[in-house]
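Sequence lines, in order, name chains A and B. Residues in the first sequence are numbered from 127 upward in steps of one, following our numbering. Residues in the second sequence are numbered from 109 upward in steps of one, following our numbering. Glycine is no exception: its CB is placed at the ideal position from the N, C-alpha and C atoms. Here is the structure we will look at.
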Amino acid sequence: QKEVEQDPGPLSVPEGAIVSLNCTYSNSAFQYFMWYRQYSRKGPELLMYTYSSGNKEDGRFTAQVDKSSKYISLFIRDSQPSDSATYLCAMSAGSGNTPLVFGKGTRLSVIA
Amino acid sequence: DAEITQSPRHKITETGRQVTLACHQTWNHNNMFWYRQDLGHGLRLIHYSYGVHDTNKGEVSDGYSVSRSNTEDLPLTLESAASSQTSVYFCASSGPGTGLNTIYFGEGSWLTVV
Numbered sequence: 127q128k129e130v131e132q133d134p135g136p137l138s139v140p141e142g143a144i145v146s147l148n149c150t151y152s153n154s155a156f157q158y159f160m161w162y163r164q165y166s167r168k169g170p171e172l173l174m175y176t177y178s179s180g181n182k183e184d185g186r187f188t189a190q191v192d193k194s195s196k197y198i199s200l201f202i203r204d205s206q207p208s209d210s211a212t213y214l215c216a217m218s219a220g221s222g223n224t225p226l227v228f229g230k231g232t233r234l235s236v237i238a
Numbered sequence: 109d110a111e112i113t114q115s116p117r118h119k120i121t122e123t124g125r126q127v128t129l130a131c132h133q134t135w136n137h138n139n140m141f142w143y144r145q146d147l148g149h150g151l152r153l154i155h156y157s158y159g160v161h162d163t164n165k166g167e168v169s170d171g172y173s174v175s176r177s178n179t180e181d182l183p184l185t186l187e188s189a190a191s192s193q194t195s196v197y198f199c200a201s202s203g204p205g206t207g208l209n210t211i212y213f214g215e216g217s218w219l220t221v222v
């Protein structure tokens with residue numbers, strides 16, 4: 127079993143839809159959870175960062191962590207064509223000197 | 109503005125040749141990483157460094173080497189390029205002031221081995 131599982135998609139939704147992106151993981155030591163967005167032919171950029179369980183909201187984006195289920199989610203409200211990208215989850219057990227473990231990424235297309 | 113730059117952005121090389129991809133960051137980050145990204149595999153860690161003269165192997169280190177002689181640079185060397193090393197390579201860094209778990213990526217280097 128891979129440490130982090132993420133459905134690669136592709137996921138296609140109409141503009142304005144609510145998007146749900148998810149990752150599951152097996153390592154119960156993971157405490158730090160991140161979502162990165164990657165546009166085509168660009169490097170990934172940090173979108174959301176959360177520590178331990180709970181929710182975090184930033185504009186149209188909400189990151190949710192359920193450590194009991196080893197499940198994290200990213201919700202995008204009122205999706206826009208500019209949200210079309212690959213979204214990668216990443217997580218870490220330690221603060222600092224522990225390399226991140228990435229999911230394979232989910233490719234999202236928002237259709238106008 | 110501080111940034112992380114990779115060069116070359118695109119390169120075609122022949123099997124068996126030595127290739128070096130450069131990575132330079134101006135954030136004064138201690139931590140630097142090299143990943144490769146392939147369809148179906150996502151981002152895979154090749155090598156990483158937590159400071160000058162420190163290097164560590166990642167998940168897919170065979171055929172690659174790095175050295176860290178200063179804080180700003182972590183060049184990635186392919187000792188004898190193979191077709192299986194055709195990929196896009198991303199350098200990244202992290203450090204105090206930006207959140208130690210939040211890493212920042214360069215724009216990528218597209219390498220084709222023929």
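task: Within the same chain, show all residues whose beta-carbon is closer than 8 Å to that of residue 128 of chain B, passing over the 5 residues directly before and after it, in chain order.
output: As a first step, residue 128 of chain B is located in the second sequence; it is residue number 20 there, counting from the start. Excluding positions up to five away in sequence, the list reads 183, 184, 185, 186.
field: Nearest-angstrom Cβ-Cβ length linking residue 211 of chain A and residue 164 of chain A, presumed shorter than 8 Å
entry: Your numbering for residue 211 of chain A matches position 85 in the first sequence. Your numbering for residue 164 of chain A matches position 38 in the first sequence. Sure, about 6 Å apart at Cβ, within 8 Å.
- prompt: At least one CB of chain B closer than 9 Å to the CB of residue 206 of chain A: is that the case?
  reply: Here residue 206 of chain A refers to the residue found at position 80 when the first sequence is read from its first residue. No, residue 206 of chain A does not count as interfacial toward chain B.
query: Are residue 169 of chain A and residue 215 of chain B closer than 9 Å when you measure CB to CB?
result: As a first step, residue 169 of chain A is located in the first sequence; it is residue number 43 there, counting from the start. As a first step, residue 215 of chain B is located in the second sequence; it is residue number 107 there, counting from the start. Taking 9 Å as the Cβ cut-off, residue 169 of chain A and residue 215 of chain B qualify as a contacting pair.
query: Roughly how many whole angstroms lie between the Cα atoms of residue 201 of chain B and residue 174 of chain B?
result: Stepping through the second sequence from its first residue, residue 201 of chain B is reached at position 93. Stepping through the second sequence from its first residue, residue 174 of chain B is reached at position 66. C-alpha separation (whole angstroms): 14 Å.
field: Residue-level contact to chain A via CB, residue 172 of chain B, 9 Å cutoff
entry: Counted from its first residue, the second sequence places residue 172 of chain B at position 64. Judged by the 9 Å Cβ criterion, residue 172 of chain B is not in contact with chain A.
query: Do residue 195 of chain B and residue 145 of chain B have their CB atoms nearer than 9 Å?
result: Residue mapping note: residue 195 of chain B aligns to position 87 of the second sequence, counting from 1. Residue mapping note: residue 145 of chain B aligns to position 37 of the second sequence, counting from 1. Cβ distance < 9 Å, so residue 195 of chain B and residue 145 of chain B count as in contact.
Within 9 Å, strictly: CB atoms of residue 158 of chain A and residue 176 of chain A: Here residue 158 of chain A refers to the residue found at position 32 when the first sequence is read from its first residue. Here residue 176 of chain A refers to the residue found at position 50 when the first sequence is read from its first residue. Cβ atoms of residue 158 of chain A and residue 176 of chain A: closer than 9 Å.
- request: At 9 Å on the CB atoms, spell out the chain B contacts of residue 214 of chain A, in chain order.
  value: Against the first sequence, residue 214 of chain A aligns to sequence position 88. Residues of chain B passing the Cβ test: 150, 151.
field: Residues that residue 136 of chain A contacts on chain B, provided the C-beta gap is smaller than 7 Å
entry: As a working note, residue 136 of chain A is residue 10 in the first sequence. Within 7 Å Cβ-Cβ: nothing; residue 136 of chain A doesn't reach chain B, min ~12 Å.
message: At the level of alpha carbons, what is the spacing between residue 142 of chain A and residue 131 of chain B?
response: Your numbering for residue 142 of chain A matches position 16 in the first sequence. Your numbering for residue 131 of chain B matches position 23 in the second sequence. Computed Cα separation, rounded: 39 Å.
task: Establish whether the CB of residue 183 of chain A and some CB of chain B are separated by less than 9 Å.
output: Indexing the first sequence from 1 puts residue 183 of chain A at position 57. False, the Cβ-Cβ gap to chain B never drops below 9 Å.
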